[in-house]
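Student: Mind looking over this structure? Questions follow.
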Amino acid sequence: MRRAFVTIAAATVAALAPIAPAFADSTVTVHGTAFTDLAGQMSFVGCADPFKRAPVDSLQPYIGYGPGQAPAGERSLGYDLVQSGNAIGSLHYVASMAQTTVAGMSVYATGGSASGVAYAGYQEPADAGTDRVWIGRTALSASAEGWQAIDTAGSSYTWRKYDMDSGGTVGAPVAKAATVRTFLKGHGGDGPGFFTIGFGCDGHAFNMDAWRIGSPGAVTTYDLEGLETSVSGGGMTVAAGDPARLHGAVVDSESGEEIADAKLVLEVQKGADWLPVQDCAGASCTVHPKTTTTYRWRFDGLPRAEANASEPFTVTVQKADEQPPSSDPSPSAKPTSSAQPSPSKAPSPSKAPSPSRTPSPSIKPTAKSSPSVKASSSSSPSLAAPSATQPASPDSSSSTTSSAG
Numbered sequence: 053m054r055r056a057f058v059t060i061a062a063a064t065v066a067a068l069a070p071i072a073p074a075f076a077d078s079t080v081t082v083h084g085t086a087f088t089d090l091a092g093q094m095s096f097v098g099c100a101d102p103f104k105r106a107p108v109d110s111l112q113p114y115i116g117y118g119p120g121q122a123p124a125g126e127r128s129l130g131y132d133l134v135q136s137g138n139a140i141g142s143l144h145y146v147a148s149m150a151q152t153t154v155a156g157m158s159v160y161a162t163g164g165s166a167s168g169v170a171y172a173g174y175q176e177p178a179d180a181g182t183d184r185v186w187i188g189r190t191a192l193s194a195s196a197e198g199w200q201a202i203d204t205a206g207s208s209y210t211w212r213k214y215d216m217d218s219g220g221t222v223g224a225p226v227a228k229a230a231t232v233r234t235f236l237k238g239h240g241g242d243g244p245g246f247f248t249i250g251f252g253c254d255g256h257a258f259n260m261d262a263w264r265i266g267s268p269g270a271v272t273t274y275d276l277e278g279l280e281t282s283v284s285g286g287g288m289t290v291a292a293g294d295p296a297r298l299h300g301a302v303v304d305s306e307s308g309e310e311i312a313d314a315k316l317v318l319e320v321q322k323g324a325d326w327l328p329v330q331d332c333a334g335a336s337c338t339v340h341p342k343t344t345t346t347y348r349w350r351f352d353g354l355p356r357a358e359a360n361a362s363e364p365f366t367v368t369v370q371k372a373d374e375q376p377p378s379s380d381p382s383p384s385a386k387p388t389s390s391a392q393p394s395p396s397k398a399p400s401p402s403k404a405p406s407p408s409r410t411p412s413p414s415i416k417p418t419a420k421s422s423p424s425v426k427a428s429s430s431s432s433p434s435l436a437a438p439s440a441t442q443p444a445s446p447d448s449s450s451s452t453t454s455s456a457g
């Protein structure tokens, strides 16, 4: 899965335009790193300054069960940045900073402890239409005590104004730390903005889940789950007594890439039930149906990938009497010289087979198309030059950063 991470430096002031608020609690399921809306995206920022990141070798996501009981759903998303100085986590654009009283996530310090950072961005009314945005910073930490809920909406931040086009600062920082609400009162009142919450500043491994943004009664929770999958398989037509070689495949629905270590089980339809075909666990299998039979491929999932099944498909067994008539007449058992037609007995054109006797195309095998796969192409607008850093594909092992496997 190759996707550019959304960063504070890769957003645009246009993204600070008001976004319609939610009016009821809701849950958004995110598969892998396929984030699709501005209210919930990935961020990758510097720990001392949002625009000043330390060099990194790679950004490798880990997806798996747990650790323990995940706060939302079954799985979580983990990272081990190895080098210190950067934070990776959530980015939420909001229509009203004053009305956003919940901004957090749940964190599991799989590396023993985890330090992070939160930034709150706010554009005061006087700067509307410009690239100038106030950004407040506050430090975060999580200890090795299982899942911990972090909330930053009510935290005190140290504030400084930035030019979001260049990433540079404007003027001196505000000396006294202040909460978002207090800061708004001294700078013209409410306005749109963002919260970004991340961990990894100490280079230690961590897992995250249950991102939360909104206000009581209108909180959106982002449940970070496994890769969404698509399973393909196709039928065919065989002559009676002939074997049929069937093939299946599992792909990541976001990238369209095949999941090579996915294990498939072939199932046969028996009435309303689906039963495993003996010795048919793999990406291909040979069956010997005596009559026309319906099958499907079942994928039971991996720690990083969701279970799924293909659409049913049919192996049509064509009996001998259903075969199309041969165009060459069969010789008689005892041919005689008198059996050979004379020129005068040649069939007239009017007795030639009519087109209506041509074998119907319905008895010819048809290619069953596999489900279409469209990779997610969502991206956020830009505030400055996009980062060249690209995340690697989700870890191919069956575990998360620690015991999540």
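Heads up: the sequence shown is residues 53 to 457, going by the numbering used here.
From the three backbone atoms N, C-alpha and C, an ideal C-beta is built for every residue, glycine too.
Since this is a predicted model, take the numbers as computed values, not measurements.
#1: Sorted by chain position, which residues of the same chain lie with C-beta nearer than 6 angstroms to Trp326's C-beta, five sequence neighbours on each side aside?
#2: Report yes or no: do three or more beta-carbon pairs, one from the region 180-190 and one from the region 234-245, lie closer than 8 angstroms?
#3: Grab me the residues of Glu358's own chain with a C-beta within less than 8 angstroms of its C-beta, minus the 5 sequence neighbours each way, in chain order.
#4: Among all the DSSP beta bridges, which residues are the ones paired with Thr368?
#5: Within a Cβ cutoff of 7 angstroms, which residues of the same chain sit near Gly164, ignoring the five residues on either side of it in sequence?
#6: Mapping DSSP to helix, strand and coil, what is Pro177?
#7: Starting from the C-beta of Asp203, find all residues in its chain whose C-beta is less than 7 angstroms away, skip the five residues before and the five after it, and write them out in chain order.
#8: Touching or not, the region 225-236 and the region 285-300, by the rule of three or more beta carbon pairs under 8 angstroms?
#9: If contacts are defined as beta-carbon pairs under 8 angstroms, then Asn259 and Pro119 qualify, I think. What distance do you get, rounded to the angstrom?
#10: Output the distance between the C-alpha atoms of Gln200 and Glu306, rounded to the nearest integer angstrom.
#11: DSSP state of Arg350, grouped into three classes?
#12: Identify, in the order they occur along the chain, each residue of the same chain with its Cβ nearer than 7 angstroms to the Cβ of Ser267, setting aside the five sequence neighbours on each side.
#13: Just to confirm my understanding: we take Pro123, look at its own chain, exclude 5 residues before and 5 after, and list those with CB closer than 7 angstroms. What are they?
#14: Mapping the DSSP letters down to three states, classify Ala232 as helix, strand or coil.
#15: Where does Lys322 sit, in a helix, a strand or coil, going by DSSP?
#16: Going by DSSP in three states, Lys315 sits in which element: helix, strand or coil?
#17: At 3 residues or longer, and completely inside the region 91-172: list those beta strand (DSSP E) runs for me, N to C.
#18: With distances taken from CA atoms, which of Val369, Gln370, Phe103 and Val80 is nearest Asp217?
#19: Please name the residue in Gly308, Trp211 and Thr162 whose C-alpha comes closest to that of Gly238.
#20: Rounded to whole angstroms, what's the CA-CA distance from Gly334 to Gly300? Just pull it up for me.
#21: Please report the distance separating the alpha-carbon of Gly92 from that of Thr79.
#22: Would you report the Cα separation of Gln175 and Ser148, rounded to the nearest angstrom?
#23: Using 10 angstroms around the beta-carbon of Thr234, count the other beta-carbons present and answer buried if the total reaches 16, otherwise exposed.
#24: Around the Cβ of Thr88, are there at least 16 other Cβ atoms within 10 angstroms (buried) or fewer (exposed)?
#25: Taking the alpha carbon of Val302 as the reference point, which residue from Asp132, Leu316, Ile140 and Val97 has its own alpha carbon closest?
#26: In terms of residues, what are the limits of the beta strand (DSSP E) holding Phe258?
#27: To which residues does DSSP link Trp211 through a beta bridge?
#28: From the DSSP secondary-structure annotation, give me the bridge partner or partners of Phe251.
#29: Using the Cα positions of Thr346 and Asp331, report the straight-line distance between them to the nearest angstrom.
Tutor: Result, derived from the coordinates:
#1: Glu319
#2: yes
#3: His83, Glu277, Gly278, Leu279, Glu280 and Thr281
#4: Thr289
#5: Ala196 and His256
#6: helix
#7: Val154, Ala155 and Gly156
#8: no
#9: 6 angstroms
#10: 30 angstroms
#11: strand
#12: Gln151, Thr152, Thr153 and Val154
#13: Ser158, Trp199, Asp261 and Ala262
#14: In the sequence as displayed, the identity of residue 232 is Val instead of Ala. In this structure, Val232 counts as helix in the three-state DSSP scheme.
#15: strand
#16: coil
#17: 93-98, 114-117, 127-131, 138-146 and 154-160
#18: Phe103
#19: Trp211
#20: 8 angstroms
#21: 11 angstroms
#22: 10 angstroms
#23: exposed
#24: exposed
#25: Leu316
#26: Phe258 to Ser267
#27: Gly188
#28: Ile140 and Gly168
#29: 17 angstroms
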